[in-house]
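Novice: Quick one: structure below, then a few questions.
Protein chains in written order, with the numbering used here: chain F, 6 to 303; chain C, 3 to 273.
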């Protein structure tokens with residue numbers, strides 16, 4: 006079942022495009038990465054999903070409900086962390102957990118305190134006296150404390166130190182393994198690579214890729230190093246098209262693989278090689294390629 | 003009504019409300035004590051100067067006749083610009099909290115990220131606004147009675163006409179709040195919204211003032227909200243200014259509903 010479904014979703018700000026004809030399906034129980042450079046339309050997409058913005062065209066549904074008309078019902082089971090988080094300055098973390106718990110009609114204080122221990126946050130400090138990192142932790146606790154069915158996070162690791170990022174990743178993985186869905190907006194490629202099951206890449210308001218991480222990895226280039234067992238004449242070697250050799254020094258060849266690894270392995274099996282090294286898929290350069298304006302759109 | 007939202011709003015407004023209430027209480031106590039104490043001297047002085055008489059008439063918003071009696075002096079405590087400024091400032095501050103205050107502060111993302119409808123938030127704000135207004139105006143009435151009690155030589159004013167005055171004042175407070183909500187729902191910056199409300203209120207005050215001294219302004223004086231708040235007539239003649247109260251209440255309701263419709267349909271952008 007899909008938790009989020011958008012069809013031809015478009016949101017414009019006057020003449021400027023926020024998002025354009027976005028078709029997206031986010032299945033239940035996955036960590037869905039929503040990647041894109043600044044200004045690509047990530048936050049606009051989230052604001053439409055939360056019912057803050059009315060779509061200019063198309064539709065957006067969460068749990069099967071229309072995001073604009075039934076926003077408040079949808080949010081009963083949604084946890085949300087805004088990208089530019091602002092909290093009530095005069096309140097402490099405890100106050101906010103009490104009040105948010107009262108609004109949600111459930112006790113958030115006990116789970117909130119547990120998470121505050123994990124994130125090393127003093128809940129008795131007023132928000133105005135908190136550092137940016139502390140506020141971000143409190144925002145995460147408020148979004149996670151009711152264990153929502155859908156968690157929407159807009160660049161959540163900003164201002165968090167590496168240890169806290171690690172804790173957050175663990176929390177999100179635990180949630181996903183328990184069947185919860187995480188919509189993770191970011192422009193941090195390594196985080197998405199480590200965490201997400203699926204990823205959509207948005208650029209200039211349009212989705213330019215929407216695939217599983219596995220499929221993306223399969224399409225990403227890898228560095229390949231071949232050490233021949235004896236001297237070979239390059240003219241005698243029938244290198245497959247997916248492998249582009251860019252450096253030759255004696256018996257050591259280096260190249261870039263732009264295709265499936267099994268095809269390379271089948272070919273190399275018949276070659277007189279001494280050693281073969283295939284690097285990790287270079288997602289970063291793949292993403293960079295998607296980010297670049299000249300990349301053709303899907 | 004969502005209890006959590008009510009608690010949140012009350013927590014945020016109670017300090018400002020108490021400060022406004024105390025200020026009004028002190029001011030009313032002073033007026034209630036000072037004005038009758040010097041009423042005789044004031045009457046003689048004011049009746050000698052036509053200009054001063056007209057200014058007083060403009061301030062009270064109605065014709066004071068050829069006698070300046072105790073009703074006129076009692077009503078001055080309820081139309082003094084400082085009193086009106088306190089009421090208008092409190093109404094403006096509270097009515098521009100949501101949505102524009104939350105948008106300007108950036109906290110609306112967190113607020114509307116909760117399972118609450120925009121109308122739900124808006125209704126809670128109305129309840130808190132009305133309750134706070136009752137406290138402020140009630141404290142003003144208490145101050146007025148306190149000042150009168152300190153005047154041992156004068157009999158205390160009758161409470162019933164004063165109650166009618168404060169109910170009329172409460173209607174005025176609600177009308178100003180309605181204006182605040184509508185402007186708030188159409189704005190993205192709180193400072194701008196407050197400035198718009200303030201400008202309209204000053205214009206309204208000036209129109210009501212000018213209508214008493216400038217015949218050309220009189221035909222349009224009905225456009226001023228202060229035209230529907232005349233405590234002197236209540237204190238002097240008794241009775242209930244039902245039409246004035248209805249006009250102010252209907253105005254408040256219409257503006258509040260219009261603001262709610264705008265808020266429910268608008269886009270929320272904080273970045």
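Every residue gets a Cβ at the ideal spot worked out from N, C-alpha and C, and that includes glycine. These figures come from a predicted structure and were not determined experimentally.
If you measure from the beta carbon of residue 80(F) to each beta carbon in chain C, is any gap under 8 Å?
Specialist: Closer than 8 Å: yes.
Novice: In whole angstroms, what is the alpha-carbon distance linking residue 166(C) and residue 230(C)?
Specialist: So the two alpha carbons sit approximately 13 Å from each other.
Novice: For a test of the three-state rule: what should DSSP assign to residue 43(F), helix, strand or coil?
Specialist: Residue 43(F): coil per DSSP, three-state reduction.
Novice: Going straight from the alpha carbon of residue 172(C) to that of residue 139(C), what length do you get?
Specialist: Cα to Cα, residue 172(C) sits roughly 7 Å from residue 139(C).
Novice: So which residues of chain F does residue 107(C) contact, with C-beta pairs closer than 9 Å?
Specialist: Those within 9 Å of residue 107(C) in chain F are 91, 93 and 94.
Novice: Against chain C, does residue 231(F) count as a neighbour if the rule is that its beta carbon must be under 8 Å from one of theirs?
Specialist: No, because no Cβ of chain C sits closer than 8 Å to the Cβ of residue 231(F).
Novice: Nearest to residue 96(F) by alpha carbon, out of 14(F), 252(F) and 127(F)?
Specialist: Measuring from the Cα of residue 96(F), the nearest candidate turns out to be 127(F).
Novice: Whole angstroms is fine: what's the gap from residue 125(F)'s alpha carbon to residue 93(F)'s?
Specialist: Going from the Cα of residue 125(F) to the Cα of residue 93(F) covers about 20 Å.
Novice: Report buried or exposed for residue 240(C), applying the criterion of at least 16 other Cβ atoms within 10 angstroms of its Cβ.
Specialist: Answer is exposed; the Cβ neighbour count stays below 16.
Novice: Check residue 263(C) in the structure and name its three-state DSSP category.
Specialist: In this structure, residue 263(C) counts as helix in the three-state DSSP scheme.
Novice: Looking at the structure shown, is residue 216(C) part of a helix, part of a strand, or coil, going by DSSP?
Specialist: The answer is coil: DSSP assigns residue 216(C) none of H, G, I, E or B.
Novice: Let me see if you follow: with CB-CB separation under 8 Å, is residue 283(F) close to chain C or not?
Specialist: So, not an interface residue.
Novice: Compare the beta carbon distance of residue 200(F) and residue 177(F) with 8 Å and say whether it is the shorter of the two.
Specialist: Yes, they are a contact pair.
Novice: How long is the line joining the alpha carbons of residue 175(C) and residue 34(F), rounded to whole angstroms?
Specialist: Looking at the two C-alpha atoms, the distance is approximately 52 Å.
Novice: Can you confirm whether residue 87(F), when its beta carbon is compared against all beta carbons of chain C, has any partner nearer than 8 Å?
Specialist: At least one chain C Cβ lies under 8 Å of residue 87(F).
Novice: For residue 191(F), which of helix, strand or coil comes out of DSSP?
Specialist: Strand, per DSSP.
Novice: Taking C-beta to C-beta, are residue 14(F) and residue 63(F) nearer than 8 Å?
Specialist: Yes, the Cβ-Cβ distance between residue 14(F) and residue 63(F) is below 8 Å.
Novice: Closest to residue 183(C) by C-alpha separation, out of 141(C), 200(C), 74(C) and 46(C), would be which residue?
Specialist: The candidate whose alpha carbon is nearest that of residue 183(C) is 200(C).
Novice: Can you tell me whether DSSP reads residue 198(F) as helix, strand or coil?
Specialist: DSSP places residue 198(F) in helix when its eight states are reduced to three.
Novice: Using a cut-off of 7 Å between C-beta atoms, extract the partners of residue 102(F) located in chain A.
Specialist: Protein chains in the displayed structure are F and C, and chain A is not among them.
Novice: Taking 8 Å as the CB-CB cut-off, is residue 68(F) touching chain C?
Specialist: False, the Cβ-Cβ gap to chain C never drops below 8 Å.
Novice: At which residue ranges does the stretch 181-265 of chain C contain complete alpha helix (DSSP H) runs of 4 or more residues, listed in the order of the chain?
Specialist: Listed in chain order, the complete alpha helix (DSSP H) runs (minimum 4 residues) inside the stretch 181-265 of chain C are 192-215 and 233-239.
Novice: At which residues does the alpha helix (DSSP H) containing residue 171(F) begin and terminate?
Specialist: Start and end: 167-182.
Novice: Could you list which residues in chain C have their beta carbon closer than 7 Å to that of residue 17(F), in chain order?
Specialist: The contacting residues do not exist; residue 17(F) stays about 11 Å from chain C at best.
Novice: Name the DSSP bridge partner or partners of residue 68(F)?
Specialist: BP columns for residue 68(F) are empty, so no partner.
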